[in-house]
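Numbering (the working numbering), first residue to last: 408 to 1162.
Working notes, structure below.
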Amino acid sequence: MKISLWGGYFDIHKRMSSLLADLNPEQLEAITLPHQSALILAGAGSGKTRVLTTRIAYLIQSGQVSPHGILAVTFTNKAAREMLTRITAMLPINTRGMWVGTFHGLCNRMLRSHYQEAGLPQAFQILDTADQLAMIKRILKSSGVSDKEFPPRQVQWFINNAKEGGLRASQVETYDQFTRNMAEFYLAYEQRCYKEGVVDFPELLLRCYELLMRNEILCKHYCDRFSHILVDEFQDTNQLQYRWLKLLAGTGSSMCSAVFVVGDDDQSIYAFRGADTENMKHFEHDFNISHIIKLEQNYRSHGNILNAANTLIQNNSGRFGKNLWTSEGHGEALRVYNAATDFDEASFIVDEVKTLHAEGIELSQIALLYRSNAQSRVLEHSLFNASLPYRVYGGMRFFERQEIKHALAYLRLIANPDDDNALLRIINFPTRGIGPRSLEQLQDTAGQQGWSLSTAAANKYGGEAVSAEESAKTKKGVAGFVSLLQVMRQDCAELTLPEIVKHMLAHSGLIAHYQKEREGADRLENLNELINAATSFVHEAEDDSLIAFLSHASLEAGEHQAGTDQDALQLMTAHSAKGLEFHSVFLSGLEEGLFPHENSRDDDNGLEEERRLMYVAMTRARRRLYLSFAQSRMLHGQTRYNVRSRFLDEIPDNLMKWLQPVQKMDVSYFGSSAENQFAKPVRQTSDYGKRRTGFVNQKSQAGQWRVGQNVLHAKFGAGVIINCEGQGSDARVQVRFDRVGMKWLLLEFAKLTPV
DNA sequence: AAGATAACTGTTTTT
DNA sequence: CAGTTATCTT
408 MKISLWGGYF DIHKRMSSLL ADLNPEQLEA ITLPHQSALI LAGAGSGKTR
458 VLTTRIAYLI QSGQVSPHGI LAVTFTNKAA REMLTRITAM LPINTRGMWV
508 GTFHGLCNRM LRSHYQEAGL PQAFQILDTA DQLAMIKRIL KSSGVSDKEF
558 PPRQVQWFIN NAKEGGLRAS QVETYDQFTR NMAEFYLAYE QRCYKEGVVD
608 FPELLLRCYE LLMRNEILCK HYCDRFSHIL VDEFQDTNQL QYRWLKLLAG
658 TGSSMCSAVF VVGDDDQSIY AFRGADTENM KHFEHDFNIS HIIKLEQNYR
708 SHGNILNAAN TLIQNNSGRF GKNLWTSEGH GEALRVYNAA TDFDEASFIV
758 DEVKTLHAEG IELSQIALLY RSNAQSRVLE HSLFNASLPY RVYGGMRFFE
808 RQEIKHALAY LRLIANPDDD NALLRIINFP TRGIGPRSLE QLQDTAGQQG
858 WSLSTAAANK YGGEAVSAEE SAKTKKGVAG FVSLLQVMRQ DCAELTLPEI
908 VKHMLAHSGL IAHYQKEREG ADRLENLNEL INAATSFVHE AEDDSLIAFL
958 SHASLEAGEH QAGTDQDALQ LMTAHSAKGL EFHSVFLSGL EEGLFPHENS
1008 RDDDNGLEEE RRLMYVAMTR ARRRLYLSFA QSRMLHGQTR YNVRSRFLDE
1058 IPDNLMKWLQ PVQKMDVSYF GSSAENQFAK PVRQTSDYGK RRTGFVNQKS
1108 QAGQWRVGQN VLHAKFGAGV IINCEGQGSD ARVQVRFDRV GMKWLLLEFA
1158 KLTPV
């Protein structure tokens, strides 16, 4: 007994000291702060996540708080997951009871627990941005106003802005006809959402805020419970999120919680979507922060990179101020390349990547960053031709795919019949002969009676309940749809989540529909994947109900695409790169109008945000940083002539090394990679399927090079011709090689042997 | 109800 | 230029 006690005691100490080992003084100070609110200014690569997670582990390990008393909030699901994994790795105890999640996720959680007090139906559904826009379009249409006069996107922007400012439709200040109209749409939208039992993203926050605001007892309950609130990326919070935090912390009255926020004003790059850096200054004041802890030691980059970034960011005003430093050496100079064209820039990057790769740097440790997504095209083209594997981030996500949204719409209707958005999406998909006129009738009835569409449909066409699913099929049109849903709802009552999904896929006709479609294979695969998603959800989530799964689908859109296991180059915008690091970083398109972007150039705030973005991009690099710009660039079908970015001039000369453009008229270079130089792009879009752009199938040519011919290539080995194109010296063939896949080859250069 | 053509529109993004 | 969306055909 005694021994085990001592053993346990010793264990805790050992664990505690290993927890706090290798921390620098500032990190240690932040982690071991007493029960008080704190503002940690954490520079890029300064171990921010480590501080946050270790702080939590420390608080629990030292017995200051139980997991039950901790609430940690992040912006992305990825960050929340990472945090939880790291905490669990540090602690021997069960972390259940701890609330770790995104603002939206946590608000959803509270609203689910107190749906009645919040005035929501139990099965309330969450609208994503696209759903919200669809809803707004519907309202504008029924109000009879033109899309031209009131663009739906603008209305959406207005509504979300108001909500993020904490304002309801009735509270919006109307000082002219325009805002009066907007407020009117907002009100109509609010009422529709209420009727249908749906909430949009900002509504989750606002509703939760109002819930705590109005219900003192409940608010007190959470205040008392969460004695420690920790916030990641605090510089990205908007007004409403800040107010929510203050409420939860119990400021006004007793100030019961300690709020520990970590952020970096220099990395605030989301002002355009409502993030308010001022929150950091408000926090300092509202929470009586006497001293800000600055984490300035950087564990990521070499000195030259940091100094360049430091000098750049010093051009911004109103900073808290901080200078990153490293105990590692200066490292290499930044490499700058002045390209003649965007194409030239891309081939320069390709050459450098090849060299780096040859030197042993993994492709996944190299990032190509750009300001806007459109810039990836030229790069992709060159990379493809060079046969370099790459991965583009920021495409369509799993739960946003058309077929998945259709499937989810069926599930949502099973859970919540009043969801008109969902109904409209699939009432005639797969087609069941419900045209615009019957839909209009239905909407009229619903409008007159104040019913939801599915109630209207049931009352109009429903009749007695149908027992066998067969009768659902025999009925036509709306009546068929009504009994289909009825039957589905009945059947699903007894099934587990994965079974519900399977059942729905089979009986909705979605599977049959996509089996018929030519390009449907990938969609079918995705629908199958939805069953898998449901299965793993049941295994992982505490609440495995359909409603919980639907929330999950809305709040976590899923990884961008199935991650290829292959070592691949990383292509992404500077925004997406935030939080990541790479051995080498290529920062391309450093031109006035592009970076800084022309839309941000005119006002100081915009320019400073662009500069922060540049700062974020630069500090992604560990060892080597390339900066490049092109004198001319193809944009929107026009060649634009740009001057180099002012940001380049803000970096000290002695930290940069200007690379000379290499003469590329070398014959051996030209000859040896001719296949690649002239190969045609096959760009795999992030959407379903393998859509090709850039060429059309041509008739096969006469002669020995024809479709179906087996060939042998010196480098690529055996393959078969699957496409022919062009005449004379332009003649090229597309070959599917056994080993290296598809390639376009110029016949003049590629030495092909017919087999 | 699917397929074809015309018109439009171009930052950054998570929930 | 290229990708999406609205509109017009068959």
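By construction, the Cβ of each residue, glycine as well, lies at the ideal position given by its N, Cα and C atoms.
None of these values were measured; they are calculated from a predicted model.
Indicate the three-state DSSP secondary structure (helix, strand or coil) for residue i in the structure shown.
i: Lys653; result: helix
i: Cys626; result: helix
i: Gly572; result: coil
i: Arg1098; result: A caution first: Arg1098 carries a pLDDT of 26, below 50, which makes its placement in the model unreliable, though a value can still be read off. Residue state, collapsed to three classes: coil.
i: His946; result: helix
i: Trp564; result: helix
i: Pro1088; result: Bear in mind that a pLDDT of 30 at Pro1088, under 50, signals an unreliable position, so the number given afterwards is only what the model happens to contain. Of the three classes helix, strand and coil, the one that applies to Pro1088 here is coil, per DSSP.
i: Arg1051; result: strand
i: Lys882; result: coil
i: Val1074; result: Note that Val1074 scores 35 on pLDDT, short of 50, meaning its location in the model is unreliable; the coordinates nonetheless yield the value given after this. It is helical.
i: Val894; result: helix
i: Tyr582; result: coil
i: Lys485; result: helix
i: Asp749; result: helix
i: Tyr868; result: helix
Which partner residues does residue i have in the DSSP bridge list?
i: Gln1045; result: Leu1042
i: Met911; result: Partner(s): none; Met911 has no beta bridge.
i: Tyr744; result: Ser1035, Leu1066
i: Val605; result: Gln532
i: Pro499; result: Answer is none; Pro499 lacks a bridge partner.
i: Asn1117; result: Val1127
i: Phe993; result: Leu775, Tyr1033
i: Pro1161; result: Val1118
i: Ile821; result: DSSP lists no partner for Ile821.
i: Arg798; result: Gln977
i: Phe1163; result: What the structure shows of the chain is the stretch from 408 to 1162, and residue 1163 is not part of that stretch, so it cannot be assessed.
i: Trp1112; result: Answer by DSSP bridge pairing: none, since Trp1112 is not bridged.
i: His1004; result: Gly1000, Leu1001
i: Trp732; result: Gln704
i: Ala1028; result: Phe989
Provide the residue span of the alpha helix (DSSP H) that contains residue i, from first to last.
i: Pro432; result: 432–438
i: Gln977; result: Gln977 -> not in any alpha helix (DSSP H); beta strand (DSSP E) instead, spanning 976–980.
i: Ile918; result: 917–923
i: Ile477; result: First-last for Ile477: 477–481, but that is the beta strand (DSSP E), not the alpha helix (DSSP H).
i: Val785; result: 783–792
i: Ile833; result: 827–833
i: Ile696; result: Taken as a continuous stretch (DSSP letters only), Ile696 belongs to no alpha helix (DSSP H), as it is neither H nor E.
i: Phe956; result: 953–962
i: Glu847; result: 843–856
Could you check where the beta strand (DSSP E) with residue i kicks off and where it finishes?
i: Leu701; result: Reading off the sequence shown, one finds Lys at residue 701, where the question assumed Leu. First-last of the beta strand (DSSP E) with Lys701: 700–702.
i: Thr509; result: 506–509
If residue i sits next to residue j, beta carbons under 8 Å apart, how far is it from one beta carbon to the other, in whole angstroms?
i: Ile720; j: Asp673; result: 5 Å
i: Met979; j: Leu731; result: No, Met979 and Leu731 are not in contact; Cβ-Cβ is about 22 Å, not under 8 Å.
i: Ser771; j: Ala975; result: 6 Å
i: Leu1062; j: Asn714; result: 6 Å
i: Ala941; j: Glu807; result: About 17 Å; that fails the 8 Å criterion.
i: Leu1166; j: Phe667; result: Past the edges of the chain, shown from 408 to 1162, lies residue 1166, and the structure says nothing about it.
i: Asp671; j: Leu448; result: 6 Å
i: Phe1002; j: Glu1017; result: 7 Å
i: Glu571; j: Leu647; result: 5 Å
i: Arg599; j: Ile546; result: 6 Å
Stretch-stretch touch, CB-based, cutoff 8 Å, three pairs: the region 824–836 with the region 788–804
Contact annotation: the region 824–836 does not touch the region 788–804, with fewer than three C-beta pairs closer than 8 Å.
When you compare the region 604–613 with the region 519–538, are there three or more beta-carbon pairs, one atom per stretch, that lie closer than 8 Å?
Touching, per the Cβ criterion.
Three CB pairs or more closer than 8 Å across the region 941–952 and the region 740–754:
Output reads no: the region 740–754 does not touch the region 941–952.
Say whether the region 416–436 touches the region 451–466, bearing in mind that this needs 3 or more beta-carbon pairs closer than 8 Å, one atom from each stretch.
When Cβ pairs closer than 8 Å are counted between the two stretches, the region 416–436 is seen to touch the region 451–466, the count reaching three or more.
Cβ contact (3+ pairs, closer than 8 Å) linking the region 679–691 and the region 1031–1041:
Taking a cut-off of 8 Å for Cβ pairs, the region 679–691 and the region 1031–1041 do not touch, as fewer than three such pairs fall below it.
Kindly confirm or deny that the region 976–984 and the region 560–568 touch, where touching means at least three C-beta pairs closer than 8 Å.
The region 976–984 is not in contact with the region 560–568.
Three or more C-beta pairs closer than 8 Å, one from the region 1048–1058 and one from the region 692–707: is that the case here?
Using a Cβ-Cβ distance cut-off of 8 Å, the region 1048–1058 and the region 692–707 are not in contact, since fewer than three pairs of beta carbons, one from each stretch, lie closer than that value.
Pairs of beta-carbons, one from the region 757–773 and one from the region 919–937, closer than 8 Å: are there three or more?
Put simply, the region 757–773 does not touch the region 919–937. Fewer than three CB pairs are less than 8 Å apart.
Between the region 1035–1055 and the region 997–1008, can you find at least three pairs of beta-carbon atoms closer than 8 Å?
Between the region 997–1008 and the region 1035–1055 there are three or more inter-stretch CB-CB distances shorter than 8 Å, so the stretches are counted as touching.
Indicate whether the contact test is met: 3 or more Cβ pairs, each with one atom in the region 905–915 and one in the region 809–819, closer than 8 Å.
Flag = yes, the region 905–915 and the region 809–819 touch.
When the Cβ atoms of the region 501–515 are set against those of the region 464–484, are three or more pairs found closer than 8 Å?
Judged by Cβ distances under 8 Å, the region 501–515 makes contact with the region 464–484, as three or more pairs qualify.
Taking 8 Å as the cut-off, does the region 878–898 touch the region 855–869 (at least 3 CB pairs, one atom from each stretch)?
Counting Cβ pairs under 8 Å, three or more are found: they touch.
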